[in-house]
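Accompanying notes for the structure given below.
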Amino acid sequence: MEPHSFHDLETPAALVDVERLQANLASAGAYCRRWGLHYRPHAKSHKSSELALKQVEAGAVGVAVATPREAEVMAGVVDDVLVAYPLFGGTKLARLLAVPDGVRLSVALDSTEALSCLAAAARGSAREVGVLVEIDVGLRRVGLQTIDQTLRLAAEAARTRGVHYRGIAFYPGHIRVPVAEQTAAIQALSQRLEHYLEALAAAGLEPEIVSGGSTPTLPRSHEIEGMTEIRAGTAIFNDRTTALLGACAWTECAYSVLATVVSTSVPGQAVVDAGSKALAKEEIRASFQDPGSASGFACVLDRPDLRVTALSEEHGVIDLKGSDWRPRPGDLVRVVPNHVCVSVNLFEKLWQLRGDRVVGQWRVEARGR
Ligand SMILES: Cc1ncc(COP(=O)(O)O)c(C=O)c1O
-4 MEPHSFHDLE
6 TPAALVDVER
16 LQANLASAGA
26 YCRRWGLHYR
36 PHAKSHKSSE
46 LALKQVEAGA
56 VGVAVATPRE
66 AEVMAGVVDD
76 VLVAYPLFGG
86 TKLARLLAVP
96 DGVRLSVALD
106 STEALSCLAA
116 AARGSAREVG
126 VLVEIDVGLR
136 RVGLQTIDQT
146 LRLAAEAART
156 RGVHYRGIAF
166 YPGHIRVPVA
176 EQTAAIQALS
186 QRLEHYLEAL
196 AAAGLEPEIV
206 SGGSTPTLPR
216 SHEIEGMTEI
226 RAGTAIFNDR
236 TTALLGACAW
246 TECAYSVLAT
256 VVSTSVPGQA
266 VVDAGSKALA
276 KEEIRASFQD
286 PGSASGFACV
296 LDRPDLRVTA
306 LSEEHGVIDL
316 KGSDWRPRPG
326 DLVRVVPNHV
336 CVSVNLFEKL
346 WQLRGDRVVG
356 QWRVEARGR
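First residue of the sequence shown: -4, per our numbering; consecutive thereafter.
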């Protein structure tokens, strides 16, 4: 029997408030139009072709992906896919290059090895793949460390058959402070980018694309001088981290996990059936200077001050201390995880909600490898 209301769903279940999602899409699209930036959302957040199509309707020029599976699924509905991840290994590259011919492919990479593997695979399939040279702007995860390294790899990409040098990519994932406190970090990022862009232009390697962006910095993306496209992914749903950083309002959190209270036996807490296998175990720790600051793994949708403070695989512990809310076993609770993308990846489908009504579902088709 098809569910009519979320009360009919078996828990834990992933819920998406359709109106909030549409509003999030519209505001990202409008922001990009206003500032002349291209919107290339990262599809890792939803892994759904239907949601990618909605992003295109909102103005996206294409999507970013991280895995061959995401590329395969997204290539079914969008005609421009950036793999924002260096791909190694024959099967991964073969899968990427097997997507329909009409899909423009690009890959962000930071090594000669990744470039030559990609170029060889592209030549083998008689296809040309765009290359963005990845630079590290502070996260210290991937990305070249100096201008000289960047010039060398960009020049190599420009002269290598099978690939086409298109520009540079970076991910400002190190900027994790509230939006209002990002000024210094954004200025430092802009200055750093300016040096890279000047050096590339002087070497005749002016980028056509400068791909960056993240959800926490989304509202201030226009201050990142030189960036041409934004890859924010989380922003389609938002999550507890986004709200805590002030990059969205709590009322803009479109995703929640529906859970059932399974026990209230231990005083001061309610235990729900959404554990780390539904919410994912991404912890926010209270800051040392301010022990009362936000912490935990998730919060209750309409009571964001109520936190999930402990998780095991199938249990989530909601701390009720300081609250007069007394849920009973069997009650339903909607929980917003700290990091939506990893929670979505744990579900096969996302239930679409309008108010309490279930109006459809989206399959999370690109999960898995
Ligand atoms: C390379 C890259 N680009 C874009 C994004 C999207 O950022 P956000 O999740 O902040 O929207 C991510 C997120 O992990 C990423 O790793």
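In this text, a Cβ means the ideal position worked out from N, Cα and C, and glycines have one as well.
Pairing Leu4 with Asp74, the inter-Cα distance amounts to about 35 angstroms. Short note on His37: C-beta closer than 6 angstroms to some heavy atom of ligand 1. In the three-state DSSP reduction, Pro299 falls in the strand class (E or B).
In this structure, ligand 1 has a non-hydrogen atom nearer than 6 angstroms to the beta-carbon of Ala227. For His2, no alpha helix (DSSP H) segment is defined, and its DSSP state is neither H nor E.
Take the alpha-carbon of Leu127 and the one of Thr155: they are about 13 angstroms apart. Put simply, the segment 234 to 249 does not touch the segment 46 to 62. Fewer than three CB pairs are less than 8 angstroms apart. Residue pairing by DSSP places Glu129 opposite Ala164 in a beta bridge. At least one heavy atom of ligand 1 sits closer than 6 angstroms to the Cβ of Tyr166. Taking C-beta separations shorter than 7 angstroms and ignoring five residues to either side along the sequence, the partners of Thr304 in its chain run Gly291, Val312, Asp314, following chain order. Here the alpha carbons of Ser43 and Met69 stand approximately 8 angstroms from one another. A buried status is given to Thr145, since no fewer than 16 other beta-carbon atoms sit within 10 Å of its beta-carbon. Rounded to whole angstroms, the separation of the alpha carbons of Asp268 and Val78 is 35 angstroms.
Just so you know, the alpha carbons of Gly97 and Lys49 end up roughly 20 angstroms apart.
Contact between Val124 and Leu100 holds, since their C-beta atoms are separated by about 5 angstroms, short of 8 angstroms.
For Ile170, the closest of Arg349, Ala180, Val337 by C-alpha to C-alpha distance is Ala180.
Between the alpha carbons of Asp285 and Glu189 lies a distance of about 36 angstroms.
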